[in-house]
Amino acid sequence: MTGPGPHPAEDPATGATQEGAGSVAVPAGTTAVDVPIVVANQLWTPANPAAYAPGAKGINEDIEHLRDLEASGILQRDNGRWAAALEVVPTTADYILDLIRANSLWPLLSGLACCAIEMMSTATSRNDMDRWGMFPFRASPRQADVLIVAGTLTTKMAEPLVRLWEEMPEPKWCLAMGDCTCSGGRYKRSYSTVQGIDRVLPVDVYVPGCPPRPEGLIYGMMKLQKIVVDRRGHWPQRRTGPTVPEGV
Amino acid sequence: MTERAHRPHPSLDDPSIAIEDVLRESIVDAVPVARTEREAEFYTLGDGEMLLNMGPQHPSTHGVLRVVLKLDGERVVDIDPVLGYLHRGVEKLCENADWHQAICYTDPLEYVASLFCEWAPVMAFEKLADVEVPRRAEYIRVLTGELNRIASHALFMGWFALDLGGLTPILWSFIERDEMMDMLAAVTGQKLLFNYFRIGGVNGDINHEFMSRLGDWMSRAGAQIEANQGLLNENEILVRRARGMGVLDGETAMRMAVTGPNIRASGVPFDIRRAHPYSVYPELEFDIPTRQEGDSLARYLLRADEVKQSLRIIDQCLHQMPDGPVMASVPRLIRPRPGRAWAAVEGPRGMYGTYAISDGTDQPFRMRIHDPSFVHLQLVSLLTPGNLIADTMAIMASLDPVMGGVDK
């Protein structure tokens, strides 16, 4: 037993007694379980009883599942730093967290075309982005902070790229590298390219050039660090860029 | 407490339903409807086989290639590459551009060796327009082209080792590659996509910065290349794994229209610089290295040999280069005679070709671009079955495709 949790047999808050926990007998002849099986928590006391006590009196009677709790908005105060970064007053701890975030930006290893070669050149010995804390190129979007879109985005690749972006956890930032991703570049008139990735993704920093020099990418990443420290750019309500027509 | 309809899976109550059958059903449901016989054969799963999707964002597929693997445990049974994630419509764009402007579109096709993607269309357009290229311009083309070939092979060695699990060689090869790219940037003004060759010559003469950097690098190139190859050639992990992996025999290679280092590693001494000579290559002395084994190790070692031959060519170019203009007098707006022209150059991956049709106007009527990466990617489904998943990516790396050229 961890914590001073009361015995479940005499705890009204958990909403289930020892007897209720044992009442899992399914009537004979039926093949499906109609009543949810509730096993009382005997091990520990949750910090937020509403999350674990279905139908507990006095907290919120409608909530009986974790997904209902998330939908109800009660938990918003726990992740308020992410969900409403501009609505709360940041504390000193938040500033320190921002400094930590800005100085270890983990980019996603997703090269699309020519600019990917220059992105790799930026990461290797000669230019060595590691010096400014933009170190490990992660192959999994779950571990990445920054999406560097390096190279021409075609219409066929747009859907997987948006999916990669949505798989990345907040807070996250997007950097458009190269003319093709900023505006379409030299393939502006092609039938199969997306003319600027801000049609499908919210972009924080644009680095033009065809391709940009590695110094240009490092400069763009330093601008991104400034954005992170200034707490600009990573609010969840952000929309895609100005070229998106209404209704799309 | 509200009533809620709970629908547990039937296998929870019915012991006659095996979970394996349920899983197989769900896998079969995810398979798309077959449109061709090949797809129907591919998506028919045998006993214990499964499908695995890899890409389009995967660190070892060299770009935005997506492959669907049919697996039996860890062994690859069949493989199906899915292309088109980098299709930029280059050929169509060229038909809507000026003859001079079309070079700018073909330039980023193979972004690792972009000079060769300019060279082939420029040669085709010169044949159409009957332009005589000055000899100094030809020597400069050969000189910069061989530098670009060395840079491309340097990157190949890094990538090949990276796909076999070694991180250090790519750091070393990028040092050399950046050095050569800085040299070329001193001449062309750009670091990756040079846009240097023009119809009738090159954009500018070689300058002092290029010559001093090149002389500096040539004085230590031999020792540097030996050091870089010493990192890999005697590495027992690499040699033991790459030997006998993905063997391609010469007959199959010729049947599949393989060119470049991949066919020379299978024992066929085919090199366009000697088979269909162009530019000033007939005046230069160099060997065509050939290997008989046809496996991944032979493809790697052959590129290492080619780098040494490229150094020989660069040395001769510097000694034999004549003085003179680097650009013929070509009007800004050219209207070549109606006709067709084919030109091919030997790039670091094989034959880069351009087939251009002119109808007498200032724009190409039709342009067809032949790229070796597309041909070599067909070999993946020939060579990989029977290998492990990890070796699949290594075989693909040894063929050295670049997705920009595959999808065009």
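These protein sequence lines are chains A and B, in that order.
For the numbering used here, count along the first sequence from 1 and bump the result up by 26.
For the numbering used here, count along the second sequence from 1 and bump the result up by 71.
Note that CB positions come from ideal geometry on N, CA and C, so glycine has one too.
Just so you know, these numbers come straight off a predicted model, no measurement behind them.
- Taking 8 angstroms as the cut-off, the beta carbon of residue 152 (chain B) is found closer than this to the beta carbon of residue 138 (chain B).
- The Cβ atoms of residue 332 (chain B) and residue 374 (chain B) sit closer than 8 angstroms to each other.
- In chain order, 338 place their CB closer than 7 angstroms to the CB of residue 363 (chain B), counting only its own chain and leaving out the 5 sequence neighbours on each side.
- C-alpha of residue 145 (chain B) to C-alpha of residue 119 (chain B): approximately 11 angstroms in a straight line.
- Counting along the chain, the unbroken beta strand (DSSP E) around residue 141 (chain B) starts and ends at 137-143.
- Residue pairing for residue 230 (chain B): DSSP places it in no beta bridge.
- Taking each of B:423, B:301, B:266 in turn and checking the Cα distance to residue 237 (chain A), the smallest one comes out for B:266.
- Counting along the chain, residue 245 (chain A) sits inside the alpha helix (DSSP H) bounded by residues 240-255.
- Using a CB distance cut-off of 8 angstroms, residue 175 (chain B) counts as an interface residue toward chain A.
- Your pair residue 144 (chain A) and residue 168 (chain A) does not check out as a contact, with CB atoms roughly 26 angstroms apart and the cut at 8 angstroms.
- Neighbours of residue 164 (chain B) in chain A, taken as residues at a C-beta separation under 8 angstroms, are given in chain order as 213, 215, 216.
- Here residue 151 (chain A) is not near residue 341 (chain B), since their CB atoms are 8 angstroms or more apart.
- Proximity of chain B to residue 176 (chain A) at the Cβ level (cut-off 9 angstroms) is not reached, the minimal Cβ distance being about 11 angstroms.
- Residue 171 (chain A) and residue 131 (chain A) do touch by the CB rule: their CB atoms are close to 5 angstroms apart, below 8 angstroms.
- Annotation: residue 203 (chain A) is outside any alpha helix (DSSP H); the continuous beta strand (DSSP E) that includes it extends over 199-203.
- Within chain A, the residues whose beta carbon sits less than 7 angstroms from that of residue 159 (chain B) are 178, 180, 213, 216, 218, 219, listed in sequence order.
- Residue 106 (chain B) sits exposed, since fewer than 16 C-beta atoms from the chains shown fall within 10 Å of its C-beta.
- Look at residue 428 (chain B) here: in three-state DSSP terms it is strand.
- Interface annotation, residue 246 (chain B): in contact with chain A, CB-CB separation under 8 angstroms.
- Near chain B, meaning a CB-to-CB distance below 7 angstroms, the residues of the region 188-210 of chain A are 190.
- Take residue 285 (chain B), set aside five residues on each side of it, and the residues of its chain with a beta-carbon closer than 7 angstroms to its own are 254, in chain order.
- Around the beta carbon of residue 289 (chain B), a 10 Å sphere encloses fewer than 16 other beta carbons of the protein chains shown; the residue is thus reported as exposed.
- In this structure residue 176 (chain B) is not in contact with residue 186 (chain B), their Cβ atoms being roughly 15 angstroms apart against a cut-off of 8 angstroms.
- Close CB contacts of residue 229 (chain A) within its chain, under the 7 angstroms cut and outside five residues either way in sequence, are with 200, 202, 223, 267 (chain order).
- Rounded to the nearest angstrom, the gap between the Cα atoms of residue 328 (chain B) and residue 472 (chain B) is 15 angstroms.
- Between residue 415 (chain B) and residue 423 (chain B), the C-beta spacing is below 8 angstroms.
- For residue 234 (chain A), no pairing in a beta bridge is given by DSSP.
- Per DSSP, residue 158 (chain B) lies in no alpha helix (DSSP H) segment and is marked neither H nor E.
- For residue 143 (chain A), the chain B residues whose C-beta falls within less than 7 angstroms of its own C-beta are 182, 183, 263, listed in chain order.
- For residue 199 (chain B), there is no enclosing beta strand (DSSP E); the enclosing alpha helix (DSSP H) covers residues 185-200.
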